[in-house]
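Colleague: Please find one structure pasted underneath; my questions will follow.
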Amino acid sequence: MTKIAVVPGSFDPITNGHLDIIERAAKVFPEVRVAVMNNSSKNPLFTVDERMDLIRSVTSQFPNVIIESSSGLLIDYARDAKASVIVRGLRAISDFEYEMQITSMNRMLDESIETFFVMTKNQYSFLSSSIVKEVARYGGDISALVPSVVEKALREKYIR
Ligand code: ADP
Numbered sequence: 732m733t734k735i736a737v738v739p740g741s742f743d744p745i746t747n748g749h750l751d752i753i754e755r756a757a758k759v760f761p762e763v764r765v766a767v768m769n770n771s772s773k774n775p776l777f778t779v780d781e782r783m784d785l786i787r788s789v790t791s792q793f794p795n796v797i798i799e800s801s802s803g804l805l806i807d808y809a810r811d812a813k814a815s816v817i818v819r820g821l822r823a824i825s826d827f828e829y830e831m832q833i834t835s836m837n838r839m840l841d842e843s844i845e846t847f848f849v850m851t852k853n854q855y856s857f858l859s860s861s862i863v864k865e866v867a868r869y870g871g872d873i874s875a876l877v878p879s880v881v882e883k884a885l886r887e888k889y890i891r
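One rule links them: number in my numbering = place in the sequence shown (from 1) + 731.
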């Protein structure tokens with residue numbers, strides 16, 4: 732049976748921390764679907780299409796990584812995609828509580844889909860899309876935090 736893994740997130744925008752999780756998932760699972768979740772409670776900087784294009788351009792070297800979007804429940808997306816695993820990244824204790832809640836809820840909704848956690852690399856443990864946007868907004872150097880295409884896209888957003 733082909734094990735399909737879903738890597739869900741807002742990816743607003745994708746950072747080196749996200750990319751590391753996607754790369755590591757792509758080494759383990761034959762097929763990885765990155766799902767850009769269109770969450771109405773967040774006010775994103777990038778449109779879903781822009782976020783998908785950025786992810787596509789930085790994951791093009793992985794033939795088993797597919798980029799999609801969803802505006803519904805993650806568990807419904809995962810079921811439709813015939814995925815057996817949801818992969819999430821963990822940075823710090825602060826992620827744990829939130830992830831525990833979501834994982835428990837997803838398990839209640841569909842017991843057949845497992846959630847696996849991948850521990851961040853040390854150098855990305857402080858890294859989030861929000862912090863990158865904050866630094867970029869004030870013209871700080873983000874070149875070590877995001878791929879160059881993302882850095883350029885952020886600069887363009889904040890020039891306007
Ligand atoms: P969400 O709104 O679903 O949390 P994010 O785009 O913030 O979406 O994150 C998507 C996934 O990537 C989450 O599992 C998150 O824990 C993980 N992630 C984000 N930043 C990092 C990082 N620096 N290192 C490891 N995992 C990360």
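The beta-carbon is built from N, C-alpha and C at its ideal position, and this holds for glycine as well.
Excluding five sequence neighbours on each side, which residues of the same chain lie with their C-beta closer than 7 Å to the C-beta of methionine 783?
Modeller: Here residue 783 is taken as the residue at index 52 of the sequence shown, counted from 1. Val767, Ile798 and Ser800, listed in sequence order.
Colleague: Any idea if arginine 847 is buried or exposed, counting beta-carbon neighbours within 10 angstroms, 16 or more meaning buried?
Modeller: Translated into the one-based positions of the sequence shown, residue 847 becomes position 116. One point to set straight first is that residue 847 is phenylalanine, not arginine, in the sequence displayed. Result: exposed.
Colleague: Closer than 8 Å: is that where the CB of glutamate 830 sits relative to any heavy atom of the ligand ADP?
Modeller: By 1-based counting over the sequence shown, the position of residue 830 is 99. Yes, Cβ of glutamate 830 sits closer than 8 Å to a heavy atom of the ligand ADP.
Colleague: Got a sec, what are the start and stop residues for the beta strand (DSSP E) valine 767 sits in?
Modeller: Mapped onto the sequence shown, residue 767 falls at position 36. Where valine 767 is concerned, the enclosing beta strand (DSSP E) stretches over 762-768.
Colleague: So isoleucine 786 and phenylalanine 760 are in contact, right, with Cβ under 8 Å, and what is the actual spacing, rounded?
Modeller: Here residue 786 corresponds to residue number 55 of the sequence shown, with the count starting at 1. Here residue 760 corresponds to residue number 29 of the sequence shown, with the count starting at 1. Incorrect: roughly 17 Å between the Cβ atoms, too far for contact.
Colleague: Check for me: the alpha helix (DSSP H) holding valine 796 runs from which residue to which?
Modeller: Indexing the sequence shown from 1 puts residue 796 at position 65. Here valine 796 belongs to no alpha helix (DSSP H); instead the beta strand (DSSP E) covers 796-801.
Colleague: Return the first residue and the last residue of the alpha helix (DSSP H) that alanine 736 is part of.
Modeller: Within the sequence shown, the letter at position 5 stands for residue 736. Per DSSP, alanine 736 belongs to no alpha helix (DSSP H); it is in the beta strand (DSSP E), 735-740.
Colleague: Which residues does DSSP list as the beta-bridge partners of leucine 821?
Modeller: Here residue 821 corresponds to residue number 90 of the sequence shown, with the count starting at 1. In DSSP, leucine 821 forms a bridge with Met850.
Colleague: Quick one: is glycine 870 buried, meaning 16 or more other Cβ sit within 10 Å of its Cβ, or exposed?
Modeller: Numbered from 1 along the sequence shown, position 139 holds the residue referred to as residue 870. Classification of glycine 870: exposed, given that the 10 Å Cβ count is below 16.
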